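What follows is a short report on a single structure.
Number of protein chains: 2
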Amino acid sequence: MTVNPSRAHRPGGRTRQVTERLWAAALDILAEKGVDGLQYEELASRARVGRATVYRRWPNRDDLFRDVLARFAETSVPIDDTGDVVRDLTAFLHSFAEASATPTGRAVLQILLRRVDEADGLHRMGLELLDRRTDDLQRRLDRATAAGQLPPTEAPFVNMMLSGPVQWFVLRRARPFTLSDAREIVELVVAGLWRDHAE
Amino acid sequence: MTVNPSRAHRPGGRTRQVTERLWAAALDILAEKGVDGLQYEELASRARVGRATVYRRWPNRDDLFRDVLARFAETSVPIDDTGDVVRDLTAFLHSFAEASATPTGRAVLQILLRRVDEADGLHRMGLELLDRRTDDLQRRLDRATAAGQLPPTEAPFVNMMLSGPVQWFVLRRARPFTLSDAREIVELVVAGLWRDHAE
């Protein structure tokens, strides 16, 4: 828990390089072996640091997983509002697909997949992270409803209908997920949302 | 690789009990620790058998994973044809949700999540298993198209739009997935598929 300020605040210095190496090694191992295959010994050896350095950075594995979730949250961009809801949801979905296909995104999914009781803090943290996006989405949907582009809709349901297929697609890894894949999903869902509102 | 036929063919006998204990222990560990957290030592101790027994049953871990995938395949029921495509897809989706929420279903997802090169046999086997369902689905969709209940549609796309949201839902484990959840997804997707065919 001791901190050497002259090192910690030297950007590009040795501490920063160690951090980057540790981070890259952690994501590699998570992607290859999953959450429970991650061992500090292997992490230290891949990052070419001592085990004490790993324990200083992440005193336990949950600290590491929290960092993974936090970094994933940083990569998520807010939903745009260009006035065209199909276009904005398409961009939102495409960026979600790109984030999900990265080692970090895959690690997040691994964390969510662990069997957990309701009380598990890590699983809850992962879900809260996804829910934060839901609030953002609800605001965008409400503006679309006000503009007559959508019937009144619930963001958690819409998010499931949009992000679920993307996760399914990314898991198969047959080919990259394109903007036109995103548009096809969004157009189908938007049309489907109107089903009970046909004149 | 030696087999004792008098034991192997005694249903309900000791061999069968050992098999069931091994199977239950394997699913427990997979659910708790993921594919790469599964160790033969722990498997043997949880199933209360010797390590040699585990190695006889599954000479390596891929043999075990293949068994998991095969057992999952057995649980999947064929898509019904009552003449009402919304009803049949709803039942199909509901049974997929139930299968996905079991320890076996979760283990299958874990296997699919491992980082793999194209050549990985296990990942391919998991995908082929899902694709077998796609052939079945395509036949049902084609009959619905012939009956005027659907425009011409591709099963892989429809399956992604139906099963993706279910997987998303099951992963959150907030509450059980009900028949009416399944129906809402199916109705939205079917309405959305007609979007380019409105009169």
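Residue numbers (the UniProt record's numbering), protein chains in the order written: chain A, 1 to 199; chain B, 1 to 199. Backbone N, C-alpha and C define an ideal beta-carbon position, used for all residues, glycine too. These figures come from a predicted structure and were not determined experimentally.
Query	Result
Taking any Cβ of chain B, which residues in the segment 164 to 185 of chain A have a Cβ under 9 angstroms from it, in chain order?	Gly164, Pro165, Val166, Gln167, Trp168, Phe169, Leu171, Arg172, Arg173, Ala174, Glu184 and Ile185
Taking Arg133/A as the reference, which of Leu22/A, Val189/A, Phe96/A and Val86/A has the closest Cα?	Phe96/A
Look at the alpha carbon of Trp23/B and the alpha carbon of Val77/B, and state the distance between them as a whole number of angstroms.	22 angstroms
Report the residue ranges of all alpha helix (DSSP H) runs contained in full by the segment 67 to 146 of chain A; include only those spanning at least 4 residues, in chain order.	85 to 101, 103 to 113 and 121 to 146
Determine the direct distance from the alpha carbon of Pro103/A to that of Gln167/A, and round the result to whole angstroms.	14 angstroms
Under 9 angstroms, Cβ to Cβ, is there at least one residue of chain A near Arg115/B?	Low confidence applies here, because Arg115/B scores a pLDDT of 48, under 50, leaving its location unreliable; read the following figure in that light. Cβ-Cβ to chain A under 9 angstroms: yes for Arg115/B.
Quick check on Arg48/B: does DSSP put it in helix, strand or coil?	coil
Which two residues bound the contiguous alpha helix (DSSP H) that contains Trp194/A?	Element bounds for Trp194/A: n/a, residue is neither H nor E.
Compute the distance between the beta-carbons of Glu187/B and Gly164/A, then report whether it is under 9 angstroms.	no
Verify the CB distance criterion: does Glu20/B have a CB-CB separation below 9 angstroms to chain A?	no
So, is the C-beta of Ala191/B closer than 9 angstroms to a C-beta in chain A?	yes
Residue range of the alpha helix (DSSP H) that Arg14/B falls in?	Arg14 to Lys33
Beta-carbon of Gly34/A versus every beta-carbon of chain B: anything under 9 angstroms?	yes
Thinking just about the alpha-carbon of each residue, which of Asp62/A, Ala182/A and His197/A is nearest to the one in Glu98/A?	Ala182/A
Give me the subset of the segment 138 to 156 of chain B whose CB atoms are less than 8 angstroms from a CB atom of chain A, sorted by chain position.	none
Could you compute how far the alpha carbon of Phe72/B sits from the alpha carbon of Gly83/A?	45 angstroms
Whole angstroms are fine: how far does the CA of Glu42/B sit from the CA of Phe157/A?	40 angstroms
Excluding the five sequence neighbours on either side, which residues of its own chain have a C-beta within less than 7 angstroms of the C-beta of Val86/B, listed in chain order?	Val186, Glu187 and Val190
Within its chain, find whatever has a CB closer than 6 angstroms to the CB of Gly13/B; leave out the 5 residues flanking it on each side and keep chain order.	none
Please classify His197/B: is it buried, with 16 or more other beta-carbons within 10 angstroms of its beta-carbon, or exposed?	exposed
Is Val68/A closer than 9 angstroms to Val18/A when the C-beta atoms are compared?	no
Would you say His123/A and Leu179/A are within 9 angstroms of each other, going by their C-beta atoms?	no
Closest to Arg195/B by CA distance: which of Pro176/B, Leu150/B and Asn159/B is it?	Leu150/B
CB-CB under 8 angstroms to Leu137/A, same chain, minus the five flanking residues each way: which ones, in chain order?	Ile79, Phe92, Ala155, Val158 and Asn159
Determine the DSSP secondary structure at Ala155/A, reduced to helix, strand or coil.	helix
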